Amino acid sequence: MSALRRYAREALAKGARAVILIGSLARGDYTAFSDADVVVIDDSASGSQHDRILKYMEPRFPVDLEPRVYTTAEVLRMARNRSRIVEEIVRYGKLLAGDELVLEEVRKAYLSSPR
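The sequence shown begins at 19 in our numbering and counts up one residue at a time.
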């Protein structure tokens, strides 16, 4: 977990607003083959998801790292549409570093959206 927190702090230095752990590591049901799924909130993100990911890839990370990069507006729109990634954030997400308010905004948007 310390390597993930270090990664998250480095992501903040690159311009991220928040870094949230999701997936099996957040849920606690990981295996030796699990990767680290993280959502990076970066309000300056633009271009394709592939281009965005390149900014936050870390090839020397001790486990496979799977960043997904979104702006706050994109994540809030996904929350209102009740996307599966946002469901993961709401149910199991662990803030590794950054603005706690963004996590609260996402939770509110998701929970207030009609099912």
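Glycine is no exception: its CB is placed at the ideal position from the N, C-alpha and C atoms.
Keep in mind it's a predicted model, so treat the numbers as computed, not measured.
Under the three-state reduction of DSSP, Asp69 is assigned to helix.
Comparing C-alpha distances from Glu84 to each of Ile59, Asp53 and Ala63 shows the shortest one belongs to Asp53.
Under DSSP, Val56 forms a beta bridge with Leu39 and Pro85. The straight-line gap separating the alpha-carbon atoms of Tyr25 and Arg45 is approximately 19 Å. Put simply, the backbone Cα of Ser62 is about 8 Å away from that of Ala34.
Taking a contact to require three or more Cβ pairs closer than 8 Å, the region 112-126 and the region 93-101 qualify as touching. In the three-state scheme derived from DSSP, where H, G and I count as helix and E and B as strand, Ala31 is classed as helix. Within the same chain, and ignoring the five residues on either side of Ala115 in sequence, the residues whose Cβ sits closer than 6 Å to its Cβ are Ala26, Arg27, Leu30 and Val37.
In this structure, Lys32 sits near Tyr74, with a CB-CB distance shorter than 8 Å.
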